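Student: Questions regarding the structure given below will be posed in turn.
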Amino acid sequence: MSMPYNSFNQIKGLRSLLNRLNLKLRPKLILIFLAIMAIPILLLTAIALKQIASLGNMLSNIAVTDSAKALNDSARENIERMTTDTSIAIAKFLYQRDQDILLLANLPPSDKAYKAFSESRNRKITKQGEWVLAKDGKSWVEKEPFKYDGPTDVSSNKENNDIMHKSSFQYRAPDFLEQFHGSIPLYDEVTFIDLRGNELYKYTSPHSSKKNYPLNPKKVNVSNKANTYIKAENYFEELKKLKPGEIYVSDVIGAYVGTNYIGMYAPGVFLNDVPKTHPNYDLLQKIGNLPPEEFIEIAKKQAYAGEENPVGQRFEGIIRWATPVTKNNGKIIGYATIALNHNHIMTFVDHITPMNKRYITIPNAYDGNYAFIWDYKCRNICHPRHHSIIGYNPFTGEPQTPWLEGTPDADTGAPKTGTPFQVWYDAGGAKWLEDNPAWDNLSKESEGTSWGAFYEANKDNRSILPQFGEKIINTNTGEKDRQSRSKKPAGKLTKAGFVGLDGRYLNNAPQCTGWMDLTESGGSGSFYILWSGIYKPTTAGAIPYYTGKYSPENQNGSRRGFAFVTIGSGIEDFTAPARDTEKKLTKAIDSTLLTYAIKLVATSIVLFVLIILIAIILSSYLTDNINLMLRGISRFRMGERQFRLRSNIKDEFGVLADSFDEMADSIVDSVTEPLSIIDMNHKIIYMNNTALQVIGKTLDQVVGTSYNNISIYPSGSSFDPITALHEGRE
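Each residue of the sequence shown is one higher than the one before, counting from 61 in the numbering used here.
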């Protein structure tokens, strides 16, 4: 089998290259060894290092991604469980109110009985301590935070410590919310109403937590809406529809409290962090420059917002229950009612957090870790920021203006036409806002069209007040104008402080649609949202309370119930365990890879050195034997005819040495006889002195001459010594 032409040329080229290097044999042999062995090892080392790095990255990605996903999934599951647990707890609490109203209906009505009933229904709530502005003026801090100095986390019995993990006994200090507990009545008001709406018996608790909008202790006729709580209740008409044993439950009713700034309400923030584009920039700069005492007085007049504004004005509301009171014959003689203090609903979500702290004395929306509640229509009814809670105008009893979309028109920069805000604004809302420049500066008699009046006139007109993407913007394709984060709330409402959250018309909050989708069938779940500049996972869990109008029969089959709980978690805090694990895994993998890489490089270096040593030894062996042969030939050529290599080596060099010795013996023997060496063409290439003497010529004269032409005898002689010589040799 012949060698491929390309391979032959490559070998020939390599040989030419080695010849051009003009090196001796030993360096050439060393270079050949390095080319054959060292270079492949270096290449294999480089490939191995690359593969180790690639494998490390792959393992790191797998380990980190999987562990991060597992931790995130676990955290998400825990937050979802917290959401559903809270939802179920609220539902149980609400059903207990059903039992209370039914019990009250069976009591003989009297002022004394209703007072006894009310005073027997108290519940503890967590009160906040005193909060003051931080020294830097950028936040609020608790003046005297509780410091725990109880026992350590060491078990009194060492056998409680797990042998494998060394310390599995984990102690958690008590969550000292108990120190802030105070007892307030469940019900701000207990009444008996006759069939014409007159309050015949009534007890209004003097211990209610309401400060700004207390209930009226006087007996009134509630058939007149103006006599109800903040003029907003119309429950009497609903009571006349009830049958014995049926229960009416109202919406959350309370006066709206707003704010001129959403976020950390602190002077340092106003002066350093508020952008000049904020609708209230000039006002906030003025407030931020006030002395601390005056600033706090301003803060007290704005909505309470947990740690963002712990001294602010709280939302005060009620939820009313009512049921018929009957005689023994089953005839309805009136109605018993109870007004639940809204604080008791707030307390379910005010003190829970998805973080490791578990419980907090006051909520904090600033870091994104908080819980809140939306009612069955997706109107906010509980929130750390009380300005987010939907409320009523206490002067008129109408729903207060919520935060509406006011996305600027691309051409004019004015609020976009067709939005609920712009339609209302053009229909008289502009005049109303002029008469009511701020949430806390309301006009009792406005010439404009209030949101409440506009809503009542258009609530069933889905072209004006679409809910959750109902509005068709392309009749050919059926495309709908959906809620999107790209939309912006109306700056005029932000400036006035009307920032209550009604998800139906909060078109810049697509999560409202998501929450409604999750809870439609009474279920729960989670997804990610971007709100107030914070990207976070959010949950939603329906509150399974189905009394009265909250039943599926009265909600077109929806099992959302009374409302739904949502819990948000700041993404950085939410993924912190995964990121910590990622750092540990990455560090461990990098350390392991570095160790293996160092070992591989060290091994390669050792092998490289060994190859060089072997190359030197082998080249030395080869060149030494070759030099020995060359020295022997040189000595023999210089006349030392008795010199012999006499090698005892059994390899090819030994065979070559023996051949040299045999050749030397033959040459020595041939010195005493005529010797002629010819080529294949019978031309003389060498003749020894004996032969030259016989023919009487010099070597130069005979080299290249045909031996047939060489003779010292006359022509025709029968004896030719040259011929005889060659014949004898052959």
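Beta carbons are placed, not taken as given, at the ideal position from N, Cα and C, and that holds for glycine. Please read these numbers as outputs of a predicted model, since none were measured by experiment.
Considering Cα atoms alone, identify which of V201, R232, D196 and E219 is closest to P211.
Tutor: Here residue 211 corresponds to residue number 151 of the sequence shown, with the count starting at 1. Residue R232 is the option with its Cα nearest to P211.
Student: Between the beta-carbon of N568 and the beta-carbon of K552, is there less than 8 Å?
Tutor: Mapped onto the sequence shown, residue 568 falls at position 508. Mapped onto the sequence shown, residue 552 falls at position 492. No. Outside cutoff.
Student: Cβ of K203 within 8 Å of Cβ of V192?
Tutor: Your numbering for residue 203 matches position 143 in the sequence shown. Your numbering for residue 192 matches position 132 in the sequence shown. Cβ distance < 8 Å, so K203 and V192 count as in contact.
Student: Is it right to say G377 is buried, meaning 16 or more other beta carbons lie within 10 angstroms of its own, or is it exposed?
Tutor: As a first step, residue 377 is located in the sequence shown; it is residue number 317 there, counting from the start. G377 is buried by the Cβ-count criterion.
Student: Using a Cβ distance threshold of 8 Å, determine whether the region 435-444 contacts the region 557-575, with at least three qualifying pairs required.
Tutor: In short, these stretches touch, since the Cβ pair count reaches three.
Student: Within a Cβ cutoff of 6 Å, which residues of the same chain sit near L705, ignoring the five residues on either side of it in sequence?
Tutor: On the sequence shown, position 645 is the one that residue 705 refers to. So the qualifying residues of the chain are G692, A717, F720 and D721.
Student: Assuming S629 and I139 make a contact with CB atoms under 8 Å, what is their CB distance in whole Å?
Tutor: For this step, residue 629 is matched to residue 569 along the sequence shown. For this step, residue 139 is matched to residue 79 along the sequence shown. That pair is a contact at about 6 Å.
Student: Does the beta-carbon distance from G585 to A602 come in below 8 Å?
Tutor: Numbered from 1 along the sequence shown, position 525 holds the residue referred to as residue 585. Numbered from 1 along the sequence shown, position 542 holds the residue referred to as residue 602. Result no, Cβ atoms of G585 and A602 do not sit closer than 8 Å.
Student: Which ranges would you report for the alpha helix (DSSP H) in the region 465-516 if only whole runs of at least 4 residues count?
Tutor: Within the region 465-516, the complete alpha helix (DSSP H) runs of at least 4 residues are 480-484 and 490-495.
Student: In angstroms, rounded to a whole number, what distance separates the CA positions of K346 and D495?
Tutor: Numbered from 1 along the sequence shown, position 286 holds the residue referred to as residue 346. Numbered from 1 along the sequence shown, position 435 holds the residue referred to as residue 495. Rounded to whole angstroms, K346 to D495 spans 23 Å at the Cα level.
Student: The alpha helix (DSSP H) with M406 in it runs from where to where?
Tutor: Position 346 of the sequence shown, counting from 1, holds the residue named residue 406. Residues N403 to D410.
Student: In the DSSP assignment, find the alpha helix (DSSP H) that holds A176 and state where it starts and stops.
Tutor: Indexing the sequence shown from 1 puts residue 176 at position 116. Where A176 is concerned, the enclosing alpha helix (DSSP H) stretches over D171 to E179.
Student: Opposite E259 in the DSSP bridges: which residues?
Tutor: On the sequence shown, position 199 is the one that residue 259 refers to. In DSSP, E259 forms a bridge with I253.
Student: Could you please give the first and the last residue of the uninterrupted alpha helix (DSSP H) stretch that includes V754?
Tutor: Counting from 1 along the sequence shown, the entry for residue 754 is found at position 694. Unbroken alpha helix (DSSP H) run through V754: N749 to I755.
Student: Who are the near neighbours of E259 in its chain, counting only those whose CB is closer than 8 Å to its CB and skipping five residues on each side?
Tutor: Locating residue 259 in the sequence shown gives position 199, where the first residue counts as 1. Excluding positions up to five away in sequence, the list reads T251, F252, I253, K279, V280, N281 and V282.
Student: Write down the C-beta distance between N685 and F668 rounded to the nearest angstrom, noting that I regard them as a contact closer than 8 Å.
Tutor: Position 625 of the sequence shown holds residue 685. Position 608 of the sequence shown holds residue 668. N685 to F668, Cβ: 26 Å. No contact.
Student: Mapping the DSSP letters down to three states, classify C442 as helix, strand or coil.
Tutor: Within the sequence shown, residue 442 is the residue found at index 382, counting from 1. Note: C442 maps to strand in three-state DSSP.
Student: Do H446 and V317 have their C-beta atoms within less than 8 Å of each other?
Tutor: Start at 1 with the first residue of the sequence shown, and residue 446 comes out as number 386. Start at 1 with the first residue of the sequence shown, and residue 317 comes out as number 257. In this structure, V317 lies closer than 8 Å to H446 by Cβ.
Student: The beta strand (DSSP E) that contains W381, what's its start and end?
Tutor: Along the sequence shown, read from residue 1 onward, the residue named residue 381 stands at position 321. Looking at the DSSP string, the run of the beta strand (DSSP E) that includes W381 is G377 to T386.
Student: Kindly indicate which three-state DSSP category I770 falls into: helix, strand or coil?
Tutor: As a working mapping, residue 770 is identified with position 710 in the sequence shown. The answer is coil: DSSP assigns I770 none of H, G, I, E or B.
Student: Take the Cβ of E507 as the centre, count every other Cβ of all protein chains shown within 10 Å, and call the residue buried at 16 or more, exposed below.
Tutor: Taking the first residue of the sequence shown as position 1, residue 507 is located at position 447. Exposed, by the Cβ-count rule.
Student: Closest to I524 by CA distance: which of Y485, N501 and R545 is it?
Tutor: The sequence position of residue 524 within the sequence shown is 464, counting from 1. With distances taken between Cα atoms, I524 lies closest to Y485.
Student: If we count Cβ pairs, one from each stretch, closer than 8 Å, do we get three or more for the region 160-173 versus the region 417-428?
Tutor: Contact fails: fewer than three Cβ-Cβ distances are below 8 Å.
Student: Relative to the C-alpha of K184, which residue among I244, D209 and N220 is closest?
Tutor: Here the question's residue 184 lines up with position 124 in the sequence shown. It is I244.
Student: What do you get for G451, buried or exposed, if any count of 16 or more other CB atoms within 10 angstroms of its CB means buried?
Tutor: Walking along the sequence shown from the start, residue 451 turns up at place 391. So G451 counts as buried.
Student: Among the candidates L653, I671 and K757, whose CA atom is the shortest distance from the CA of M118?
Tutor: Position 58 of the sequence shown holds residue 118. Checking every option, the nearest Cα to that of M118 belongs to L653.
Student: With three or more beta-carbon pairs closer than 8 Å as the criterion, would you say the region 136-154 touches the region 409-416?
Tutor: Cβ pair count under 8 Å is three or more, so yes.
Student: From M61 to I92, what does the alpha carbon distance come to, in whole angstroms?
Tutor: As a first step, residue 61 is located in the sequence shown; it is residue number 1 there, counting from the start. As a first step, residue 92 is located in the sequence shown; it is residue number 32 there, counting from the start. Low local confidence applies: a pLDDT of 49 at M61 is under 50, so the model's placement there is unreliable, with the coordinate-based value given in what follows. One C-alpha to the other measures close to 26 Å.
Student: Under 6 Å Cβ to Cβ from T607, same chain only, skipping five residues before and after it: list those, please.
Tutor: By one-based count along the sequence shown, residue 607 stands at place 547. So the list reads D158, I307 and V309, once near-sequence residues are dropped.
Student: Could you tell me whether the Cβ atoms of Q373 and Y325 are closer together than 8 Å?
Tutor: Counting from one through the sequence shown, the residue named residue 373 turns up at place 313. Counting from one through the sequence shown, the residue named residue 325 turns up at place 265. The answer is no: Cβ separation not under 8 Å.
Student: Alpha carbon to alpha carbon, what distance is there between L688 and I99?
Tutor: Stepping through the sequence shown from its first residue, residue 99 is reached at position 39. Stepping through the sequence shown from its first residue, residue 688 is reached at position 628. Distance between the alpha carbons of I99 and L688 is about 31 Å.
Student: Mind checking which residues open and close the alpha helix (DSSP H) that includes T573?
Tutor: Along the sequence shown, one-based indexing puts residue 573 at 513. Here the alpha helix (DSSP H) through T573 covers Q571 to T579.
Student: Nearest to T573 by CA position, among I589, V559 and F558, is which residue?
Tutor: On the sequence shown, residue 573 is found 513 positions in, with the first residue counted as 1. Measuring from the Cα of T573, the nearest candidate turns out to be I589.
Student: Look at the alpha carbon of G776 and the alpha carbon of N748, and state the distance between them as a whole number of angstroms.
Tutor: On the sequence shown, position 716 is the one that residue 776 refers to. On the sequence shown, position 688 is the one that residue 748 refers to. Residue placement at G776 is flagged as unreliable, the pLDDT there being 45, under the threshold of 50; the coordinate-derived value follows with that caveat. When rounded, the distance between both Cα atoms is 26 Å.
Student: Relative to the ligand MG, is the shortest distance from any of its heavy atoms to the C-beta of G764 smaller than 7 Å?
Tutor: Absence of the ligand MG from the depicted structure is noted, as is the absence of any ligand whatsoever, leaving it without description.
Student: Go through its chain and collect everything with a Cβ distance to V763's Cβ below 7 Å, but skip five positions before and after it.
Tutor: The sequence position of residue 763 within the sequence shown is 703, counting from 1. Excluding sequence neighbours, V763 sits near I744 and I745.
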